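Student: Structure below; questions to follow.
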Amino acid sequence: MNKSFFVTVLTFLCSAGVHAAALKISPVSIELAQSQQSSSLTIANDSNEKTNLQIRVFKWQQKGNEESYISTNDVVVSPPALSLNGQQSYNLRVVRVNETAIEKEESYRIWIDELPTVVDSRTIGQGINVVLRTSLPLFITNPKSIREAKAQLLHQDGKSIIEVNNIGGRFIQLTSLKLIDETTKQSYPIEINTLNGYVLNGNVKTYPLNEKFNYIATHKYTIQANINGKDISY
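Listed below in structure tokens is the structure:
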């Protein structure tokens, strides 16, 4: 994915002098074939202020709608910390240390933490404060794995949800999801963002429909989704 991510956030921590820089990060998502050992990641500081960064990699797991991040040494970023002056950029290396062959895709998250440049003595010993955290997805892929997903409408105990089941060997990314009542021609969109839109391989996620939707058993329903850039109907 050859795109840049630009973010400007002002978050005050510890003192009024602590703020986040304007960071441009490219690419916004990394996919490494299992035969590849490394990739690059560029971070640019578009502000005029110096910023201190800490970069870490975590194993990314999902169980239903719950996310978990586990420390790992299978993939590392070099260097793991750096200081960027204003209007400066740096190319980092993302290196796959564990080169064991994989059957299904492995998922990780790269955390880029911007640390305060001003230290409040009252917080010493209380851990590291983070001004801004950016999280980027990283996938180690098996070229033989395919993407395949199923979606269905479920109604139980007066509640309606759309269940999305990733039955393939690679992640899927929803960018839109809605239910169409073919009988009344009404549409019920579900809010999808960069956090809830990912469904990792083997996982099942549920998306509740809003209170405006009234399930009627005799009606015909269609689920429309955009998955990894493709429009799909179920």
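Take 28 as the starting number for the sequence shown in my numbering and just add one per residue. Glycine included, each C-beta is placed from N, C-alpha and C at the ideal position. What you are looking at is a predicted structure, and each value in this text was computed from that prediction instead of being measured.
(1) Does the beta-carbon of G224 have 16 or more other beta-carbons within 10 angstroms, so that it is buried, or is it exposed?
(2) Can you tell me whether S134 is buried or exposed, with buried defined as 16 or more other CB within 10 angstroms of its CB?
(3) Between N255 and T249, what straight-line distance do the alpha-carbon atoms span, to the nearest angstrom?
(4) With distances taken from CA atoms, which of L180, V226, E190 and S65 is nearest I207?
(5) Checking the sheet assignment: what are the DSSP bridge partners for Q213?
(6) Is it right to say E238 is buried, meaning 16 or more other beta carbons lie within 10 angstroms of its own, or is it exposed?
(7) Taking only the alpha-carbon atoms, compute the straight-line gap between S148 and V158 and give it to the nearest angstrom.
(8) Which whole-angstrom value is the C-beta distance of A108 and I82, which I expect to be below 8 Å?
(9) Would you list the one or two residues that DSSP bridges to A176?
Tutor: Looking at the atomic coordinates:
(1) Walking along the sequence shown from the start, residue 224 turns up at place 197. Classification of G224: buried, given that the 10 Å Cβ count is 16 or more.
(2) Numbered from 1 along the sequence shown, position 107 holds the residue referred to as residue 134. Per the 10 Å Cβ criterion, buried.
(3) Here the question's residue 255 lines up with position 228 in the sequence shown. Here the question's residue 249 lines up with position 222 in the sequence shown. Distance between the alpha carbons of N255 and T249: 19 Å.
(4) The sequence position of residue 207 within the sequence shown is 180, counting from 1. Nearest of L180, V226, E190 and S65 to I207, Cα basis: L180.
(5) Walking along the sequence shown from the start, residue 213 turns up at place 186. Q213 is bridged to D208.
(6) For the purposes of this step, residue 238 is identified with residue 211 of the sequence shown, where counting begins at 1. Exposed, since its Cβ has fewer than 16 Cβ neighbours within 10 Å.
(7) One-based indexing of the sequence shown puts residue 148 at position 121. One-based indexing of the sequence shown puts residue 158 at position 131. Below a pLDDT of 50, predicted positions are generally treated as unreliable, and S148, at 48, falls in that range; no measurement from the model is reported.
(8) In the sequence shown, the residue the question calls residue 108 occupies position 81. In the sequence shown, the residue the question calls residue 82 occupies position 55. Yes, A108 and I82 are in contact; Cβ-Cβ is about 7 Å, under 8 Å.
(9) Position 149 of the sequence shown holds residue 176. BP columns for A176 point to N193.
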